[in-house]
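Colleague: Right, I'll just put the structure down here and ask away after.
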Amino acid sequence: MKLQKATRVTLTEQIAAQLDQLIQSGEWAVGQRIPAEPELVEQLGVSRNTVREAVKALIHAGLLEARQGDGTYVCSKSDLGAALNRRFKKSDLMEILEVRYALEREAVRLAAERRTEEDIEYLQQCLMNHKDAGGKPEYVEVDLELHKAIVQATHNSILIDLYEHMTETVKATIHPASELQHQHDEIHADLVKYIVEQNVDAAVDTVHRLIQLSMSDIQMHLM
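Now the structure itself:
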């Protein structure tokens, strides 16, 4: 193998690597707004231009997203997640919902077979939060948290990682219509109940009901 000359790492690359590590570690979570530029300058002890270029590099990589007038947000914690997000942005909501259904159908099957007492406790807490949710922003967050808890109960690390990468995309499929809210609450309660009881067939059937209801939500949202 032919040796290559070592290259010097620029200060911008060093800062980008530090910010990337905050994302990888979860200290900066997906969906979280990162500190403003002046705060990063103060924390890192470098120029505004260096911080700006480092952030731009992570935006280009698909890990961060700049929202005009609202700051910069973490949109993925890995290159895989960034690639998935780019692909999903080219798809319509119904296609995304079909992919979500395929993943969650298998997730509830595995969760019903493998859930532990600790999983049950967390699922029931998430369900309580779901019932108590107020406006739409809170509902979206608690709904997503409940579905992530179901995926975590599969104890399949690849499925858990894949669903985590899809977090922001899954959010786009959550459009609870107020007139269907009661049905959502009932279906989610049934879903947790069947997972706890290890009733695999009923849990899978319930996910199908939920996705059908979500399709109705989206159709109302697009009208």
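Taking numbering that gives the first Met the number 0, I'd label the letters of the sequence shown as residues 0 to 222. A virtual CB, placed ideally from N, CA and C, is assigned to each residue, including glycine.
1. Examine the Cβ distances between the region 194-208 and the region 109-117 and report whether three or more of them are shorter than 8 Å.
2. Using CA atoms only, rank isn't needed, just tell me which of LEU39, GLY70 and VAL54 is closest to GLY30.
3. State the DSSP-derived secondary structure class of VAL11, mapped to helix, strand or coil.
4. So the beta strand (DSSP E) LEU63 belongs to, where does it begin and stop?
5. Is there contact here, the region 146-153 with the region 113-133, by at least three beta-carbon pairs under 8 Å?
6. Under three-state DSSP, which class holds THR71?
7. CB ILE14 to CB VAL50, shorter than 8 Å?
8. For the alpha helix (DSSP H) containing ILE95, list its first residue and its last residue.
9. Let me confirm a value: THR166 is counted as buried when at least 16 other C-beta atoms fall within 10 Å, else exposed. Which label applies?
10. In the DSSP output, which residue or residues are listed as bridge partners for ARG32?
11. Using C-beta distances below 8 Å, list every residue in its chain close to LEU57, excluding the 5 sequence neighbours before and after it, in chain order.
12. How long is the line joining the alpha carbons of GLY68 and THR168, rounded to whole angstroms?
13. Could you give the residue range of the alpha helix (DSSP H) that holds ILE149?
14. Can you tell me whether LYS76 is buried or exposed, with buried defined as 16 or more other CB within 10 angstroms of its CB?
15. May I ask which residues mark the beginning and end of the alpha helix (DSSP H) holding HIS59?
16. Answer with buried or exposed for SER213, where buried requires no fewer than 16 other C-beta atoms within 10 angstroms of its C-beta.
17. So, helix, strand or coil for GLU163, using DSSP?
18. Could you say which of HIS207, VAL139 and GLN180 lies nearest to ALA171 if we only look at CA atoms?
19. Under a Cβ-count criterion, where at least 16 other Cβ atoms within 10 Å of its own Cβ denotes burial, should GLU103 be classed as buried or exposed?
20. Could you tell me if VAL8 is buried or exposed, where buried requires 16 or more neighbouring beta carbons within 10 angstroms of its beta carbon?
Modeller: The structure says:
1. yes
2. GLY70
3. A small fix is needed here, since residue 11 is Thr in this sequence, not Val. In the structure shown, THR11 sits in a helix (DSSP, three-state: H, G or I).
4. 63-66
5. yes
6. strand
7. yes
8. Per DSSP, ILE95 belongs to the alpha helix (DSSP H) from 92-113.
9. buried
10. Beta-bridge pairing links ARG32 to TYR72.
11. ALA15, LEU18, ASP19, ILE22 and LEU63
12. 22 Å
13. 135-151
14. The residue in question, LYS76, is buried, as its Cβ has 16 or more Cβ neighbours within 10 Å.
15. Note, HIS59: alpha helix (DSSP H), 47-59.
16. By the neighbour-count rule (16 or more Cβ atoms within 10 Å), SER213 is buried.
17. helix
18. VAL139
19. buried
20. exposed
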